[in-house]
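Visitor: Sequential numbering of the sequence shown, starting at 10, is according to the working numbering. Pasting a structure below so you can have a look.
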Amino acid sequence: MESHHAAVRGPVPVLQIVGYKNSGKTTLACRLIRALSARGLRVGSAKHDAHHFQLDDPGTDSSKHLLHGAVEAVLTSSEATRIMRKSETSLEDIAASMYGKVDLLVAEGFKSADYPKIALIRNADEMSLLRNQTANICLWLSWEEDAVEHGAASPVSPNTIPVLPLQDQALIDEEVLSLALSLL
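Okay, structure coming up:
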């Protein structure tokens, strides 16, 4: 189910960061976005939310438009634009919408999408669960040493995908940045 550095699909290279709640996905995404931006790259981001969120604050003009039947509302100013849509959007469609605007899209979540992934796990059990839920994991990052040892010796992983300890931040930063840059 896993393939090291799978072919990138779509018009914009995408690197996904997946894992379970409180595994460090957002922290890693922010570090990666900062490092890529510091290199002069234009980075887009997308986050899949497993919960239902509110499109806009109640009482705002755009929330009134949505409440009255608009399926999409755009709020723009001289400094920013926000698009609110009353439907789910696939990671493929998000990447397509960023064509020409970004060099790389960092996506948090979207486990079922088929782009190269970094998986964050707290233990070996989470590694087994994620292996069954997603594909194209290129790098495992673990909070526990037993998961690092289990992953390296696992017969389920014939491609010898690295499992790195999250405690070694310098190594993590180097490997994650290297993976991201390899997609460009």
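Here a beta-carbon is modelled for each residue, glycine too, at the ideal position from N, C-alpha and C. Being a predicted model, the structure only gives us computed values, none of them experimental.
Indicate the three-state DSSP secondary structure (helix, strand or coil) for Gln-25 in the structure shown.
Guide: Mapped onto the sequence shown, residue 25 falls at position 16. Three-state result, Gln-25: strand.
Visitor: Where does Pro-6 land, buried or exposed, given buried means 16+ other C-beta within 10 angstroms?
Guide: In this structure the chain extends from 10 to 193, so residue 6 is not present and cannot be described.
Visitor: Would you kindly work out how many angstroms separate the C-alpha atoms of Lys-95 and Leu-75, rounded to a whole number?
Guide: Here residue 95 refers to the residue found at position 86 of the sequence shown. Here residue 75 refers to the residue found at position 66 of the sequence shown. Distance between the alpha carbons of Lys-95 and Leu-75: 8 Å.
Visitor: Would you kindly work out how many angstroms separate the C-alpha atoms of Asp-102 and Lys-56, rounded to a whole number?
Guide: For this step, residue 102 is matched to residue 93 along the sequence shown. For this step, residue 56 is matched to residue 47 along the sequence shown. Distance between the alpha carbons of Asp-102 and Lys-56: 13 Å.
Visitor: Within a Cβ cutoff of 7 Å, which residues of the same chain sit near Thr-33, ignoring the five residues on either side of it in sequence?
Guide: Position 24 of the sequence shown, counted from the first residue, corresponds to residue 33. A quick correction: the sequence has Gly, not Thr, at residue 33. Excluding residues within five positions, the ones whose Cβ falls inside 7 Å are Leu-129, Leu-175.
Visitor: Reducing DSSP to helix, strand and coil, say where Ser-54 ends up.
Guide: What you label residue 54 is simply residue 45 of the sequence shown in a count that begins at 1. Note: Ser-54 maps to strand in three-state DSSP.
Visitor: Going by C-alpha to C-alpha distance, which of Val-23, Thr-98, Asp-177 sits closest to Glu-153?
Guide: To locate residue 153, count along the sequence shown from 1; it is residue 144. Selected option, being the one with the closest Cα: Asp-177.
Visitor: Just the Cα atoms here: how many angstroms apart are Leu-186 and Leu-180?
Guide: Position 177 of the sequence shown holds residue 186. Position 171 of the sequence shown holds residue 180. Cα to Cα, the separation comes out at about 10 Å.
Visitor: Does Ser-46 pass the burial test, meaning 16 or more other C-beta atoms within 10 Å, or should it be called exposed?
Guide: Translated into the one-based positions of the sequence shown, residue 46 becomes position 37. Exposed, since its Cβ has fewer than 16 Cβ neighbours within 10 Å.
Visitor: Would you grab the beta carbon distance between Thr-143 and Val-27 for me? Rounded to a whole angstrom, and I think it's under 8 Å.
Guide: By 1-based counting over the sequence shown, the position of residue 143 is 134. By 1-based counting over the sequence shown, the position of residue 27 is 18. Their Cβ separation, rounded to whole angstroms, is 6 Å, which keeps Thr-143 and Val-27 in contact under 8 Å.
Visitor: Give the straight-line distance between the Cα atoms of Ser-54 and Thr-98, rounded to the nearest whole angstrom.
Guide: Translated into positions along the sequence shown, residue 54 becomes position 45. Translated into positions along the sequence shown, residue 98 becomes position 89. Using only the alpha carbons, I get a separation of about 14 Å.
Visitor: Assuming the contact rule is C-beta atoms closer than 8 Å, Leu-114 and Met-93 should be a hit. Round their C-beta distance to whole Å, please.
Guide: Locating residue 114 in the sequence shown gives position 105, counting from the first residue. Locating residue 93 in the sequence shown gives position 84, counting from the first residue. That belief does not hold up - the Cβ atoms of Leu-114 and Met-93 are roughly 19 Å apart, past 8 Å.
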